[in-house]
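Notes follow once the structure below has been shown.
There are 2 protein chains.
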Amino acid sequence: MDNKLISQLKIDKNSVIPIYYQIAKMFEGYIYEGKLKPGEVLPPEHEIAENFGISRMTVRRAISELINLGLVFTQKGKGTFVSEPKLNDVTFELGDFYEETSKKGMTPSSTLLGVRIVRANKTLSEKLAVPLGTSCLYFSLVLAADNEPLVYEKKYVKYTKQKPILEVELKDPSLSSLAVTHGSHFPTTSKRVLHASIATKEETSVLEVKENTPVFVVEQTVYDAEKKPVGWGKSVYRGDRYKLTSYIGWSANNIK
Amino acid sequence: MDNKLISQLKIDKNSVIPIYYQIAKMFEGYIYEGKLKPGEVLPPEHEIAENFGISRMTVRRAISELINLGLVFTQKGKGTFVSEPKLNDVTFELGDFYEETSKKGMTPSSTLLGVRIVRANKTLSEKLAVPLGTSCLYFSLVLAADNEPLVYEKKYVKYTKQKPILEVELKDPSLSSLAVTHGSHFPTTSKRVLHASIATKEETSVLEVKENTPVFVVEQTVYDAEKKPVGWGKSVYRGDRYKLTSYIGWSANNIK
DNA sequence: AAGTGGTCTAGACCACCGG
DNA sequence: CGGTGGTCTAGACCACTTT
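If you're matching them up, the sequences are chains A and B in order. Residues 1 to 256 in UniProt numbering are what the first sequence lists, from first letter to last. Residues 1 to 256 in UniProt numbering are what the second sequence lists, from first letter to last.
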């Protein structure tokens with residue numbers, strides 16, 4: 001890297017903005033603008049420190065910000081280098097239904113279709129690792145945005161405690177909160193599997209869609225601290241209405 | 001937090017393992033074991049420092065590790081607290097086809113169906129933000145695992161340079177690398193949209209599946225530094241074979 | 001006022017890398 | 001060997017929260 005770069009911009013030591021943040025933003029800018037390209041090396045830490053008359057620890061703090069952003073990486077004995085943007089790995093986020101819906105300016109609502117105690121059949125006994133016939137709490141509900149049904153959920157939790165079902169839970173019976181209240185253990189982990197499918201007859205009627213409508217199916221298992229399953233659920237998302245979007249690479253903002 | 005906790009374990013100052021790492025792992029253990037529960041406060045930094053006879057900066061380095069792991073958060077003037085595990089947000093990862101397939105012990109392969117120059121129709125001209133009829137490079141290929149077709153991809157890039165198509169590209173024409181070679185700009189960002197659908201007639205024949213098979217459709221747009229689209233592609237994943245799994249919360253390891 | 005985390009300094013020693 | 005990043009110290013001052 002051309003040393004002229006780091007002396008061009010000034011640092012305000014008396015600003016309310018931390019020095020490490022100013023330094024980090026400066027390099028972030030250089031990288032986005034292409035003045036620092038992937039694979040290129042940053043100036044040595046001591047040099048940056050001298051240039052701005054600051055401590056090396058402060059420079060390191062700045063660089064650690066850049067590392068957290070994935071913009072650079074370090075190599076002991078060699079230097080700090082600008083990372084290659086990875087454009088082929090993707091992560092799709094599926095957030096909370098209420099938040100997501102509200103963000104889009106729609107009104108979320110949920111309708112409880114049924115709550116009851118059921119005995120575990122073969123599938124459920126395997127999913128929850130309990131003997132056949134064990135008592136389980138069953139919930140089914142529909143989530144809607146502006147009164148258009150979008151998601152159909154079925155949830156099961158181990159029902160060891162004889163606690164009454166609270167009003168609150170009927171409003172938003174999330175699998176993890178159900179497991180806390182009615183299960184025996186504290187949930188700590190959750191596994192979700194997403195696959196594409198076609199709505200079953202039951203699902204077409206609940207979601208008010210035609211036959212052969214594509215859907216996302218998300219299967220969720222909630223585990224306690226001992227890695228034992230305490231809850232299991234299946235959510236069916238309308239594939240024609242629901243999309244998962246993901247942005248990757250640098251400066252992923254402001255696209256749309 | 002009970003102060004006894006932090007004096008129970010010993011720290012080896014002369015170990016090759018950094019002190020900050022030992023401290024971080026200690027608290028990580030307490031949190032996973034439930035000795036430190038969500039919402040509880042950690043001892044003040046100066047107290048931890050005194051207890052182990054180390055510098056406060058080293059303690060802060062340890063805590064910053066815990067923050068990066070999402071296990072704790074800090075509040076100025078108040079303290080450091082154990083986070084609530086968020087079990088309702090999910091991120092699904094869709095990695096590189098070759099890596100993913102190899103990891104599962106299968107043999108990945110790709111078959112190029114066609115490469116040619118096409119003129120942009122309405123859809124393509126909108127996606128790539130070019131005038132109707134602009135020359136574009138078109139690729140279509142099938143990705144298979146153990147000779148079973150799993151993904152059908154179609155890709156288009158702006159074709160400004162008159163470069164010859166290289167052998168290498170035929171093997172793995174990823175959208176971003178195509179854009180580098182044949183487009184006018186350097187790609188920096190990518191947007192992907194995932195939705196559920198049903199295989200079209202063309203797709204059923206290419207993927208060798210029945211009619212009405214559910215599929216994932218991933219639409220990818222690659223942008224250059226000026227946020228202008230340089231490439232666009234559509235990948236169709238067999239929904240019956242392809243699953244996206246996600247683990248969330250604490251200690252998500254070792255489930256299966 | 002007392003206690004907390006946030007920032008910063010000016011050193012130090014180490015392990016690793018290259019010539 | 002000199003240069004690099006990795007760790008650590010023993011202080012300091014600040015802004016914020018609570019009492």
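Each residue gets a CB set at the ideal place from its N, CA and C atoms; glycine is no exception.
| request: Would you please verify whether the beta carbon of Val59 (chain B) is less than 7 Å from any beta carbon of chain A? | output: With a threshold of 7 Å between beta carbons, Val59 (chain B) makes no contact with chain A.
| Counting along the chain, where does the alpha helix (DSSP H) carrying Val206 (chain B) start and finish? | Lys201 to Leu207
| Going by beta carbon distance, what residues of the same chain come within less than 7 Å of Leu150 (chain A), once the five residues before and after it are set aside? | Leu143, Ala144, Tyr237, Arg238, Arg241 and Tyr242
| field | Residue range of the unbroken beta strand (DSSP E) whose run includes Thr80 (chain B) | value | Gly79 to Val82
| query | Which chain B residues are close to Gly95 (chain A), counting only those with a beta carbon under 7 Å from its beta carbon? | reply | What Gly95 (chain A) touches in chain B: Asp89.
| Alpha carbon to alpha carbon, what distance is there between Thr107 (chain B) and Asn147 (chain B)? | If I take the Cα positions, the gap works out to 8 Å.
| Looking at Phe73 (chain B) and Ser83 (chain B), is the spacing between their C-beta atoms short of 7 Å? | yes
| request: Report yes or no: is there a C-beta of chain A within less than 7 Å of the C-beta of Lys35 (chain B)? | output: Judged by the 7 Å Cβ criterion, Lys35 (chain B) is not in contact with chain A.
| query | chain A beta carbons: is any one of them nearer than 7 Å to that of residue 338 (chain B)? | reply | No answer is possible for residue 338 (chain B): it lies beyond the span of chain B, which begins at 1 and ends at 256.
| said: Taking 8 Å as the cut-off, does the segment 56 to 72 of chain B touch the segment 208 to 228 of chain A (at least 3 CB pairs, one atom from each stretch)? | reply: no
| message | For a contact defined as C-beta to C-beta under 7 Å, what are the partners of Pro214 (chain A) on chain B? | response | Ala196, Ser197, Ile198 and Pro214
| task | Output the distance between the C-alpha atoms of Lys191 (chain A) and Gly133 (chain A), rounded to the nearest integer angstrom. | result | 24 Å
| Helix, strand or coil for Ser15 (chain A) per DSSP? | coil
| field | N- and C-terminal bounds of the beta strand (DSSP E) containing Arg238 (chain B) | value | Pro229 to Arg238
| If we count the other Cβ atoms within 10 Å of its Cβ and call it buried at 16 or more, is Val130 (chain A) buried or exposed? | buried
| message | I want to see whether chain B comes within less than 7 Å of Thr111 (chain A), judged by CB atoms only; does it? | response | no
| Should Gln75 (chain A) go down as buried or exposed, given a rule of 16 or more other Cβ atoms within 10 Å for buried? | exposed
| query | Counting pairs of Cβ atoms below 8 Å between the segment 40 to 60 of chain B and the segment 19 to 30 of chain B, do you hit three or more? | reply | By the Cβ test, the segment 40 to 60 of chain B is in contact with the segment 19 to 30 of chain B, since at least three Cβ pairs between them sit closer than 8 Å.
| message | Quick check: what's the CA-CA separation for Thr221 (chain A) versus Arg61 (chain A)? | response | 39 Å
| request: Use the C-beta contact count for His195 (chain B): other C-beta atoms within 10 angstroms, 16 or more gives buried, fewer gives exposed. | output: buried
| field | Check whether Val90 (chain B) and Leu94 (chain A) have beta carbons under 7 Å apart | value | yes
| message | Taking a contact to mean a Cβ-Cβ separation below 7 Å, would you say Pro43 (chain A) touches Leu128 (chain A) in this structure? | response | Leu128 (chain A) sits away from Pro43 (chain A), with the two beta carbons spaced by 7 Å or more.
| What residues match up with Glu153 (chain B) in a beta bridge as DSSP calls it? | B:Leu141 and B:Ser235
| request: Put Arg241 (chain B) into one of helix, strand or coil per three-state DSSP. | output: Coil, per DSSP.
| field | Any chain B beta carbon closer than 7 Å to residue 339 (chain A) | value | No information on residue 339 (chain A) is available, as it lies outside the stretch 1 to 256 that chain A covers here.
| message | Please return the same chain residues whose Cβ sits closer than 7 Å to the Cβ of Val209 (chain A), not counting the five positions on each side in sequence. | response | Take Val209 (chain A), set aside five residues on each side of it, and the residues of its chain with a beta-carbon closer than 7 Å to its own are Ala199 and Arg238, in chain order.
| Start-to-end residues for the alpha helix (DSSP H) that takes in Ser109 (chain B) | Note, Ser109 (chain B): premise wrong, no alpha helix (DSSP H); beta strand (DSSP E) at Pro108 to Arg119.
| query | Could you give the residue range of the beta strand (DSSP E) that holds residue 285 (chain A)? | reply | Lying outside 1 to 256, the shown extent of chain A, residue 285 (chain A) is not represented and no answer is given.
| Which term fits Ile117 (chain B), buried or exposed, when burial requires 16 or more other beta carbons within 10 angstroms of its beta carbon? | exposed
| message | I'd like the list of long-range same chain contacts for Tyr138 (chain B), defined as Cβ closer than 6 Å, with 5 residues on each side in sequence excluded. | response | Arg116, Val118 and Tyr156
| Own chain, CB closer than 6 Å to Pro38 (chain B), minus 5 neighbours either side, in chain order | Val82 and Glu84
| message | Residues of chain A with CB closer than 7 Å to the CB of Ala225 (chain B), please, in chain order. | response | In chain order: Gly34.
| message | By the three-class DSSP mapping on this structure, what secondary structure does Thr91 (chain A) have? | response | Secondary structure at Thr91 (chain A): strand, using DSSP grouped into helix, strand and coil.
| In or out: Asn88 (chain A) buried (at least 16 other Cβ within 10 Å) or exposed? | buried
| By how many angstroms is the C-alpha of Thr123 (chain B) removed from the C-alpha of Ser109 (chain B)? | 30 Å
| Reference Glu226 (chain A); option with closest CA among A:Asn212, A:Ser246 and A:Thr189 | A:Thr189
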